[in-house]
Each structure stands twice: as structure tokens, then as C-alpha cells.
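Contents: one structure, followed by commentary.
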Amino acid sequence: MEIIILREEYIKLGQALKAAGLVDSGVEAKYAVEEGKVKVNGEVVMQRGKKLYAGDTVDFHGQTICIQERIS
């Protein structure tokens with residue numbers, strides 16, 4: 411499981427996939443999302459620009475990304 415700590419209020423789905431090292435490029439993220447291979451909170455998502463907030467989870471190719479709020 412990968413954990414992404416938010417720097418801002420949210421991170422976009424494509425950016426999260428890249429940050430977690432699950433894709434090598436934005437283009438690869440785009441195709442994965444468009445092909446219905448990515449789930450956010452258990453549901454297939456078709457928008458690469460979907461905003462992810464603290465508490466959201468992303469599933470892709472058997473890997474899970476957890477989005478967490480930065481603790482000050």
C-alpha cells in the first residue's frame with residue numbers, strides 16, 4: 411500500500427498514480443483511467459482529473475493508494 415500525504419487540499423487522480431509510481435507518465439495514467447482500470451473508493455472512475463481528498467483510496471493493478479492529510 412502506498413500512502414500519499416497531501417500538500418494541498420487535494421491531488422488529482424493522474425498525479426496520484428504518478429506520485430505512487432504506479433504509472434510512468436500522465437499519458438499512461440490517462441489510458442488506465444479511460445480503460446476503466448482505476449477505482450476510487452471502490453468505484454470505477456473515468457476522469458483522470460478527479461480530485462482526491464484525505465481519506466480517499468485508489469485501487470489500480472492490485473495496488474492501493476491511501477490519501478492522507480498532512481499533519482502539521
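Using the working numbering, count along the sequence shown one by one with no gaps and you end on 482. Here a beta-carbon is modelled for each residue, glycine too, at the ideal position from N, C-alpha and C.
In terms of CA proximity to Y420, G465 leads the group G465, S435 and H471.
Shown here for V455: same chain residues with a beta carbon closer than 8 angstroms to its own, the five before and five after excluded, namely L423, V443, V448 and K449 in chain order. The C-alpha of D469 is placed about 6 angstroms away from the C-alpha of I475.
In the structure shown, the three-state DSSP call for E412 is strand. Between I413 and A429 the beta-carbon gap is near 10 angstroms, outside 8 angstroms, which marks them as no contact.
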